[in-house]
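J.:
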Amino acid sequence: MIFIVLTLAFVAVATFWDWRTGQIPNWLTLPALASAPIIHGVGYGADQLLASLAGLAGCGLLPYVLFRRKAMGGGDVKLFAALGALNGFSMGMEMFALIMLAGALQACFVLYSRHQLGAVLSNTYQMAANLFRPKDQQRPLATEAMTEMRLGPALLVGTVLAIAGL
Amino acid sequence: MNQSATPRPTNPASPVNAGSVFVELLFAFVPFVILVLGIIQLALLENGKIVSKRAANAAVRAAVVILDDDPRRYGGSPRNSTFPGSPRLREIQRAAIIALAPLDPPVSRQSGSLFAALLVPPASLDLPALLTPTGGSLNRRVRISFVGGTLNPGLHDRITVRLDYDFACRVPVGRAVVCRNGIRHLTSQATLTNQGAPYAY
């Protein structure tokens, strides 16, 4: 129960900060990253300490790969790793997937209202089609041509949905 | 489309703390993740079906010798008695549970979880505890019944055991796609000829 409350408080602050500034600050993510395994270890023993560390590494790995490819901000990477450390690998991954799903729905709504959905879907198609094209026929997408969005409210919505078991 | 077209422009000065993602990634990534995790869960479910079939075989193999066995070994329970909670039915169910143990490993008595069990030196592991699961969630999720109504088989009659098993789906996201409430109900049947117990202890 304590970890659900901690997670909701952590994500609520991150959501607010991200929505207002486009940043998820280190003073929020780093203490969560450091303290979650310690709380698990001190409160529930060595197995929970290991589970927390596995959640941290497992849930941070994929966002880190996306960060290295400049597709995701570093604040998000630390936030997802902290969610894994707080809630374990399985719940952390569920939160990650549901946050991304909520983010996609949020993007649909925002882009449709701005009449930009068609262009973004075209980019998405090109990105997906490149996976199946021979190298000489691939059409590279410039980073500048991509559309950036803050996850903001999707962070909180996805986390709440995961905790609710959806 | 350039940066000015973003729904909410972000601060590109510090990408290390940035809280933004590419929308194209969201659109391409979400279906991909759901697909991959769903396939992993489906593969594990197929594995569960195979193991539950094996467990039904183990249960019927136990049944054909336990049902007619000496009542003294089952607390005086009459031959062929398979009412719920009877010692003979419990033993048959245990045979199925041991076969299902790889899907839901019992926790060593010396540690609180599998993680902790991995930390215990192998020499000190309580192997019999691993081989004869007595508690845990499997007892509640495995049910054994006999097909064909009232059971009073004669020697060489055919005995069919039905195994009902609530398979726990554990793959994040994938379980929501493949299973309902994290559980998939599996049913298996196996038939063998009644061997009886024509021997003395």
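Chains as they are written, first to last, in the working numbering: chain A, 33 to 198; chain B, 5 to 205. Beta carbons: idealized from backbone N, C-alpha and C, even for Gly.
If we define contact as Cβ-Cβ less than 8 angstroms, is A:G54 a contact residue for chain B?
T.: Here residue 54 of chain A corresponds to residue number 22 of the first sequence, with the count starting at 1. By this cut-off, A:G54 is an interface position.
J.: Mind listing which residues of the segment 19-32 of chain B have their C-beta closer than 8 angstroms to chain A's C-betas, in chain order?
T.: Cβ contacts with chain A: P19, V20, N21, A22, G23, S24, V25, F26, V27, E28, L29, L30, F31, A32.
J.: Tell me whether B:S4 is buried or exposed, calling it buried when 16 or more other Cβ atoms sit within 10 Å of its Cβ.
T.: Residue 4 of chain B falls outside the range modelled here, since chain B spans only 5 to 205, and no answer is possible.
J.: My parser needs the alpha helix (DSSP H) runs of 4 or more residues fully inside the segment 46-118 of chain A; what are they?
T.: Qualifying alpha helix (DSSP H) stretches, in chain order: 58-76, 78-100.
J.: Considering only their Cβ atoms, is the gap separating A:L193 from A:L153 smaller than 8 angstroms?
T.: Here the question's residue 153 of chain A lines up with position 121 in the first sequence. Here the question's residue 193 of chain A lines up with position 161 in the first sequence. No.
J.: Please list the partners that B:R174 has in chain A, where partner means a Cβ-to-Cβ separation under 9 angstroms.
T.: Taking the second sequence and counting its residues from 1, one reaches residue 174 of chain B at position 170. The contacting residues are S122.
J.: If you reduce the DSSP assignment to three classes, tell me which class B:A180 lands in.
T.: The sequence position of residue 180 of chain B within the second sequence is 176, counting from 1. B:A180: helix per DSSP, three-state reduction.
J.: Alpha carbon to alpha carbon, how far is B:L49 from B:V182?
T.: Working through the second sequence from its first residue, we reach residue 49 of chain B at position 45. Working through the second sequence from its first residue, we reach residue 182 of chain B at position 178. Spanning the two alpha carbons is a distance of roughly 9 angstroms.
J.: Just confirm the distance between the C-beta atoms of B:L29 and A:L98, as a whole number of angstroms; I'd bet it's less than 8 angstroms.
T.: Counting from one through the second sequence, the residue named residue 29 of chain B turns up at place 25. Counting from one through the first sequence, the residue named residue 98 of chain A turns up at place 66. Rounded, the Cβ-Cβ distance is 7 angstroms, consistent with contact.
J.: Output needed in chain order: residues of the segment 35-47 of chain B with a Cβ under 8 angstroms from some Cβ in chain A.
T.: Those would be V37, I38, L41, in chain order.
J.: Report buried or exposed for B:G96, applying the criterion of at least 16 other Cβ atoms within 10 angstroms of its Cβ.
T.: Within the second sequence, numbered from 1, the residue matching residue 96 of chain B stands at position 92. The sequence as given places Ile at residue 96 of chain B; Gly does not occur at that position. Under this definition B:I96 is a buried residue.
J.: Roughly how many angstroms separate the alpha carbons of B:Q45 and B:R76, rounded to a whole number?
T.: Within the second sequence, residue 45 of chain B is the residue found at index 41, counting from 1. Within the second sequence, residue 76 of chain B is the residue found at index 72, counting from 1. Cα to Cα, B:Q45 sits roughly 45 angstroms from B:R76.
J.: Please check if any C-beta of chain B sits within less than 8 angstroms of the C-beta of A:N119.
T.: Locating residue 119 of chain A in the first sequence gives position 87, where the first residue counts as 1. Not an interface residue.
J.: Applying the criterion that 16 or more other CB atoms from any shown protein chain within 10 Å of the CB defines a buried residue, is B:N51 buried or exposed?
T.: The residue given as residue 51 of chain B occupies position 47 in the second sequence. Burial call: exposed.
J.: Who does B:H189 pair with in a DSSP beta bridge?
T.: Here residue 189 of chain B refers to the residue found at position 185 of the second sequence. Paired residue(s): B:D170.
J.: So, at 6 angstroms on beta carbons, what are the nonlocal neighbours of B:T191 in its own chain, with the 5 sequence-adjacent residues on each side left out?
T.: One-based indexing of the second sequence puts residue 191 of chain B at position 187. Taken in chain order, the residues that qualify are D168.
J.: Name, in chain order, the residues that DSSP records as bridge partners for B:I148.
T.: Counted from its first residue, the second sequence places residue 148 of chain B at position 144. Answer by DSSP bridge pairing, in chain order: B:L167.
J.: Can you tell me which of the three DSSP states B:S56 falls into?
T.: Here residue 56 of chain B corresponds to residue number 52 of the second sequence, with the count starting at 1. Correct three-state label for B:S56: helix.
J.: Just to make sure I have the definition right: I need the residues of chain B whose C-beta is within less than 8 angstroms of the C-beta of A:V152. Which are they?
T.: The residue you call residue 152 of chain A lines up with position 120 of the first sequence. In chain order: M5, V27, E28, F31.
J.: Suppose contacts are defined by Cβ-Cβ distances below 8 angstroms. Is A:A68 in contact with A:A117 by that definition?
T.: Residue numbering aside, residue 68 of chain A sits at position 36 when the first sequence is read from its first letter. Residue numbering aside, residue 117 of chain A sits at position 85 when the first sequence is read from its first letter. Yes, they are a contact pair.
J.: With DSSP collapsed to three states, give me the class of A:L188.
T.: Mapped onto the first sequence, residue 188 of chain A falls at position 156. Three-state result, A:L188: helix.
J.: Assign B:Y78 to buried or exposed, taking buried as 16 or more other Cβ atoms, counted over all protein chains shown, within 10 Å of its Cβ.
T.: The residue you call residue 78 of chain B lines up with position 74 of the second sequence. Under this definition B:Y78 is a buried residue.
J.: Compare the C-beta of A:P57 against all C-beta atoms of chain B and say whether one is closer than 8 angstroms.
T.: The sequence position of residue 57 of chain A within the first sequence is 25, counting from 1. Yes - at least one Cβ of chain B is within 8 angstroms of the one on A:P57.
J.: Answer with yes or no whether the minimum CB distance from B:V177 to chain A is below 8 angstroms.
T.: The sequence position of residue 177 of chain B within the second sequence is 173, counting from 1. Output row for B:V177: interface = yes.
J.: With a threshold of 8 angstroms between beta-carbons, can A:M178 be considered close to chain B, or not?
T.: Your numbering for residue 178 of chain A matches position 146 in the first sequence. Closer than 8 angstroms to some Cβ of chain B, the Cβ of A:M178 qualifies, so yes.
J.: Tell me, please, which residues DSSP counts as bridged to B:L195.
T.: In the second sequence, counting from the first residue as 1, residue 195 of chain B sits at position 191. According to the sequence as given, residue 195 of chain B is Thr; it is not Leu. The partner list for B:T195 (beta bridge, DSSP) reads B:T164.
J.: Go through its chain and collect everything with a Cβ distance to A:G135's Cβ below 6 angstroms, but skip five positions before and after it.
T.: Position 103 of the first sequence, counting from 1, holds the residue named residue 135 of chain A. Result list for A:G135: L183, A186, in chain order.
J.: To the nearest angstrom, how far is it from the Cα of B:V20 to the Cα of A:L149?
T.: The residue labelled residue 20 of chain B in the question sits at position 16 within the second sequence. The residue labelled residue 149 of chain A in the question sits at position 117 within the first sequence. Roughly 28 angstroms between the two C-alpha positions.
J.: Tell me the rounded alpha-carbon separation between B:N198 and B:V64.
T.: Position 194 of the second sequence holds residue 198 of chain B. Position 60 of the second sequence holds residue 64 of chain B. Answer to the nearest angstrom: the Cα atoms are 9 angstroms apart.
J.: To the nearest whole angstrom, what separates the beta carbons of A:F42 and A:A64, a pair I think is in contact under 8 angstroms?
T.: In the first sequence, residue 42 of chain A corresponds to position 10, counting from 1. In the first sequence, residue 64 of chain A corresponds to position 32, counting from 1. Confirmed, about 6 angstroms.
J.: Is any heavy atom of the ligand NAD found at a distance shorter than 7 angstroms from the C-beta of B:L30?
T.: Ligands in the displayed structure: none, and consequently the ligand NAD is not present.
J.: Quick check on this structure: which residue in B:V68, B:L107, B:A180 has the alpha carbon closest to the alpha carbon of B:V165?
T.: As a first step, residue 165 of chain B must be located in the second sequence, where it is residue number 161. For the residues B:V68, B:L107, B:A180, the minimum Cα distance to B:V165 belongs to B:V68.
J.: Please report how far the alpha carbon of A:L137 lies from the alpha carbon of A:E126, in whole angstroms.
T.: The residue labelled residue 137 of chain A in the question sits at position 105 within the first sequence. The residue labelled residue 126 of chain A in the question sits at position 94 within the first sequence. Roughly 16 angstroms separates the two Cα atoms.
J.: Applying the 10 Å Cβ sphere with the 16-neighbour rule, what's the burial state of A:K102?
T.: Stepping through the first sequence from its first residue, residue 102 of chain A is reached at position 70. The residue in question, A:K102, is exposed, as its Cβ has fewer than 16 Cβ neighbours within 10 Å.
J.: Is it buried or exposed, A:D79, if we count other Cβ atoms within 10 angstroms and call 16 or more buried?
T.: As a first step, residue 79 of chain A is located in the first sequence; it is residue number 47 there, counting from the start. Its Cβ being crowded by 16 or more others within 10 Å, A:D79 is buried.
J.: What residue from B:F150, B:A62, B:I70 has the CA that sits closest to B:P202's CA?
T.: Within the second sequence, numbered from 1, the residue matching residue 202 of chain B stands at position 198. Comparing Cα-Cα distances from B:P202 to each of B:F150, B:A62, B:I70, the minimum goes to B:I70.
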